[in-house]
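Residue numbers (the working numbering): 1430 to 1644.
Don't be surprised by glycine CBs; every beta carbon is placed ideally from N, CA and C.
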């Protein structure tokens, strides 16, 4: 299956938990034999940003191809195209979408303005999955930083809405009226399993990514 991640944020090196989680998800899909592509961007669009990302990749032993607008590389079986030089993200994403012609497009709350989501739902055949990672980034409910009835209605075009926790999925259902399911897609790095996992007799616990806006 051809799966494209529309990632309106930095993909690698990851700057946030959602970025890293999306990366691990795509790598897990690639490991299962899917043809995967990530369309992403640099933090800003400039020659400096292009050179910095190229240098970061080289320092990690990752070979990158470059053109007038982007860098392309493969990371753990996942192909990545990162827009770096030119601020035309919509056109860049559309060209990647047309060339790859995915079966499934993954979008998420890292695109709160729905810049990429709008293009994804216009694809003639791909199914669109919307991943909700942070309730502050959805356009509805008391946690939202930018309530919009129009953007909420637009989410009805998604074929599936997934919340990263039972709380997040419940929030979507309660405040938008949209159907949402919980799927545990926040993965750990391979080899990061804890020997203490499930040791309920241990008096100490670890708190992972405590955050007031993610539930």
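Simplified DSSP assignment, three categories, for residue i
i            : result
residue 1454 : helix
residue 1469 : strand
residue 1556 : strand
residue 1511 : strand
residue 1524 : helix
residue 1518 : helix
Distance between beta carbons of residue j and residue i, contact taken as under 8 Å
i            : j            : result
residue 1558 : residue 1538 : The pair is not a contact, with the Cβ atoms about 12 Å apart (cut-off 8 Å).
residue 1576 : residue 1591 : Their Cβ separation, rounded to whole angstroms, is 21 Å, which puts residue 1576 and residue 1591 out of contact at 8 Å.
residue 1469 : residue 1436 : 4 Å
residue 1507 : residue 1459 : 5 Å
residue 1392 : residue 1433 : Within the shown structure, residues of the chain are numbered from 1430 to 1644, placing residue 1392 beyond reach of any answer.
residue 1455 : residue 1439 : In fact, because the Cβ distance is near 14 Å, the residues do not count as touching under 8 Å.
Unbroken beta strand (DSSP E) run spanning residue i, endpoints
i            : result
residue 1493 : 1493-1495
residue 1435 : 1431-1435
Distance between residue j and residue i (C-alpha atoms, nearest Å)
i            : j            : result
residue 1427 : residue 1431 : Examination of residue 1427 is not possible in this model, given that the chain is present from 1430 through 1644 alone.
residue 1566 : residue 1447 : 12 Å
residue 1512 : residue 1500 : 7 Å
residue 1551 : residue 1606 : 22 Å
residue 1461 : residue 1533 : 15 Å
residue 1531 : residue 1490 : 28 Å
is_contact[residue i, chain D] using C-beta, thresh 7 Å
i            : result
residue 1449 : Within the model displayed, chain D is absent; a lone protein chain is all it includes.
Boundaries (first-last residue) of the alpha helix (DSSP H) holding residue i
i            : result
residue 1490 : Premise fails: residue 1490 is in no alpha helix (DSSP H) and is neither H nor E.
**Asked** Does the segment 1520-1533 touch the segment 1471-1489, meaning 3 or more C-beta pairs lie closer than 8 Å?
**Response** no
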